[in-house]
Every structure is written in C-alpha cells, then in structure tokens.
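Chemist: Input: one structure, supplied below.
Structure follows, in structure tokens:
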C-alpha cells in the first residue's frame, strides 16, 4: 500500500480539534436527546434531528446545501430527511464524502439501562447514550473536521461533502438509496467516500469494503447489544 507524507496543515488542525472537547460533548449531548427512530421501530422519523443539524451546517456556510426529503406517510412530517452539504476544495475533480446516518436503533428493554438512554452520561472520557457511537460520532467528527479547517483557513485538497441520511437502520430505501436515485450525478467513480460506521474502539482503523448484506431473522433472548460488538 502506498504511503503519503503527512499534510503540513495537520499539526494545527490537530491542535484545533483538541480544543473542541467541550463542544464535542455538548453536540453529542444535544443529539442524544433527540430520538430518531424509523416507523418500523415505533418512531416518528429523523425530522427533529435533521432540523438541528441543518442549522449547524448552515453556520459553516457550505458552498451548496441540498435537502432531499423522501416521502413517507407513516411519520408526522410525511417525509424522511436527507441532507448533503458541500464545501470547497482545491481540486474539483473528485469529492471527499463522509456519509453518516441520522437514525438510531431503539434502546431496547429500558430496564436493562442504568440511565435514560436519551440523556448523555459522561464517565471520564466515556460517553453513554443511545446513538453516541452509531452514528452520532460520525456526524460530530465530520462536522468538527470541516469547522477546524475553516477556522484554521485550510482549504482541503478536494471538495468535502457531508451526507446525513435517514433510514440506515431499516434498509436505507428512504435514505441513501433515495439520494442516489435523485442526485446520482453528485457522486463520481473518482470520489473518495468514508462511512464512519465501522472500525475499532480507538478510532484508528479504516476498513476497505467493510461488508455486504445478508438478511437473516432470529429470535434472541438475553442482554441486548449491538450485533457488531457482542463482546460488550
């Protein structure tokens, strides 16, 4: 695998990011407090969370911001939100996309929680709450990365696209699939795409072509956990 020299801008970007600790925790606290469950899971969709994040993204003055609501009569808003925010880069030949999702899985049996799943708990450097890792960390990390570049006046090598989609936990038909159907031309074969929804607990691993789909149905009994981390 080819290796590349570190960006000369990285040290000051890193310093800026370290200064965001308080803001990072507050963002996660506010996101955790907004339920975003699909109707399949008894929820009202992702509209409230999308409105909150749209305000945050608009404050970064994106070059272009696209809203792609997918009709869904099952939720009060009658649609499932999808947001694309595009920021300038030096070489427009390709876009660096970071794809995160707005929805979360249900909290499961509330009796198994030691705290309210929608109220962020902080224990040292550990944050606990529904959706903190799946997928609020991806949303917050990508947002703060763009903010750090702007505040340090660093123009990325390529344009950056932040994609926030709905319905990831229940099939993506009203999320990424709908976005690709309506705005396929925004995505090119040359684009770089990171989906911050896998890796390791330290955040130091990026997997390539992580996995494909195999739908199975089980009835399980015991302590609830995320399927990718049964060791927890």
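Residue numbers (my numbering): 19 to 250. Even glycine gets a Cβ: it sits at the ideal position worked out from N, Cα and C. A quick note: this is a predicted structure, and the numbers were derived from the prediction, not measured.
Check each candidate in 71, 117, 56, 122 and name the one with the smallest Cα separation from residue 93.
Modeler: Within the chain shown, residue 93 is the residue found at index 75, counting from 1. The shortest Cα separation from residue 93 among 71, 117, 56, 122 belongs to 56.
Chemist: Should residue 247 go down as buried or exposed, given a rule of 16 or more other Cβ atoms within 10 Å for buried?
Modeler: Position 229 of the chain shown holds residue 247. Exposed, because fewer than 16 other Cβ atoms sit within 10 Å of the Cβ of residue 247.
Chemist: Since residue 141 is in the alpha helix (DSSP H), which residue starts that stretch and which ends it?
Modeler: Position 123 of the chain shown holds residue 141. Note, residue 141: premise wrong, no alpha helix (DSSP H); beta strand (DSSP E) at 139-141.
Chemist: For the 8 Å Cβ check, are there 3 or more pairs between the segment 195-208 and the segment 61-75?
Modeler: With the cut-off at 8 Å, the segment 195-208 and the segment 61-75 do not touch.
Chemist: For residue 77, count neighbouring Cβ atoms within 10 angstroms of its own Cβ and tell me buried if that reaches 16, exposed if not.
Modeler: Numbered from its first residue, the chain shown carries residue 77 at position 59. Its Cβ having fewer than 16 others within 10 Å, residue 77 is exposed.
Chemist: Any idea which residues DSSP pairs residue 97 with across the strands?
Modeler: Position 79 of the chain shown, counting from 1, holds the residue named residue 97. Beta-bridge pairing links residue 97 to 89.
Chemist: Going by DSSP in three states, residue 155 sits in which element: helix, strand or coil?
Modeler: Translated into positions along the chain shown, residue 155 becomes position 137. If DSSP states are grouped into helix, strand and coil, residue 155 belongs with the helices.
Chemist: Can you tell me whether residue 183 is helix, strand or coil according to DSSP?
Modeler: The sequence position of residue 183 within the chain shown is 165, counting from 1. The answer is strand: DSSP assigns residue 183 an E or B state.
Chemist: Count Cβ pairs between the segment 46-56 and the segment 169-181 that sit closer than 8 Å; are there 3 or more?
Modeler: Touching, no.
Chemist: Just checking, does the segment 38-51 make contact with the segment 152-172 on the three C-beta pairs under 8 Å criterion?
Modeler: Yes, the segment 38-51 touches the segment 152-172.
Chemist: Which same chain residues, not among the five before or five after residue 223, have their C-beta less than 6 Å away from its C-beta?
Modeler: Along the chain shown, read from residue 1 onward, the residue named residue 223 stands at position 205. Around residue 223: 217.
Chemist: Considering only residues of the segment 173-248, which uninterrupted alpha helix (DSSP H) runs meet the minimum length of 4 residues and lie entirely inside it, listed in chain order?
Modeler: Those alpha helix (DSSP H) runs which fall completely within the segment 173-248 and span 4+ residues are 194-201.
Chemist: Once the 5 residues before and after residue 122 are set aside, which same chain residues still bring their CB inside 6 Å of it?
Modeler: Locating residue 122 in the chain shown gives position 104, where the first residue counts as 1. Contacts found: 54, 148, 149.
Chemist: For the alpha helix (DSSP H) that contains residue 31, what are its first and last residues?
Modeler: Numbered from its first residue, the chain shown carries residue 31 at position 13. Per DSSP, residue 31 belongs to the alpha helix (DSSP H) from 28-36.
Chemist: State the start and end residues of the unbroken beta strand (DSSP E) segment that holds residue 144.
Modeler: As a first step, residue 144 must be located in the chain shown, where it is residue number 126. Counting along the chain, the beta strand (DSSP E) containing residue 144 begins and ends at 144-146.
Chemist: Can you round the beta-carbon distance between residue 118 and residue 156 to whole angstroms, since I take them to be within the 8 Å contact cut?
Modeler: The residue given as residue 118 occupies position 100 in the chain shown. The residue given as residue 156 occupies position 138 in the chain shown. Going by Cβ atoms, the distance from residue 118 to residue 156 rounds to 4 Å, so yes, they are a contact pair.
Chemist: Using only the alpha-carbon positions, how far apart do residue 215 and residue 116 sit?
Modeler: Translated into the one-based positions of the chain shown, residue 215 becomes position 197. Translated into the one-based positions of the chain shown, residue 116 becomes position 98. So the two alpha carbons sit approximately 10 Å from each other.
Chemist: Looking only at its own chain, which residues have a Cβ that is under 6 Å from the Cβ of residue 86, when we skip the five neighbours before and after it?
Modeler: Locating residue 86 in the chain shown gives position 68, where the first residue counts as 1. Answer for residue 86: 100, 197, 200, listed in chain order.
Chemist: Mark residue 234 as exposed unless 16 or more other C-beta atoms lie within 10 angstroms of its C-beta, in which case mark it buried.
Modeler: Within the chain shown, numbered from 1, the residue matching residue 234 stands at position 216. Residue 234 comes out exposed.
Chemist: Locate the beta strand (DSSP E) running through residue 117, then write down its first and last residues.
Modeler: To locate residue 117, count along the chain shown from 1; it is residue 99. Taken as a continuous stretch (DSSP letters only), the beta strand (DSSP E) holding residue 117 covers 114-119.
Chemist: Tell me which residues share the same chain as residue 95 and place their Cβ nearer than 7 Å to its Cβ, disregarding the 5 neighbours each side in the sequence.
Modeler: Taking the chain shown and counting its residues from 1, the one referred to as residue 95 is at position 77. Around residue 95: 63, 65.
Chemist: Whole angstroms is fine: what's the gap from residue 187's alpha carbon to residue 26's?
Modeler: For this step, residue 187 is matched to residue 169 along the chain shown. For this step, residue 26 is matched to residue 8 along the chain shown. For residue 187 and residue 26, the distance between alpha carbons rounds to 38 Å.
Chemist: Of the residues 154, 143, 98, which one's Cα is nearest the Cα of residue 40?
Modeler: Numbered from 1 along the chain shown, position 22 holds the residue referred to as residue 40. Answer by Cα proximity: 143.
Chemist: So, residue 125 versus residue 131, is the Cβ gap smaller than 8 Å?
Modeler: One-based indexing of the chain shown puts residue 125 at position 107. One-based indexing of the chain shown puts residue 131 at position 113. Taking 8 Å as the Cβ cut-off, residue 125 and residue 131 qualify as a contacting pair.
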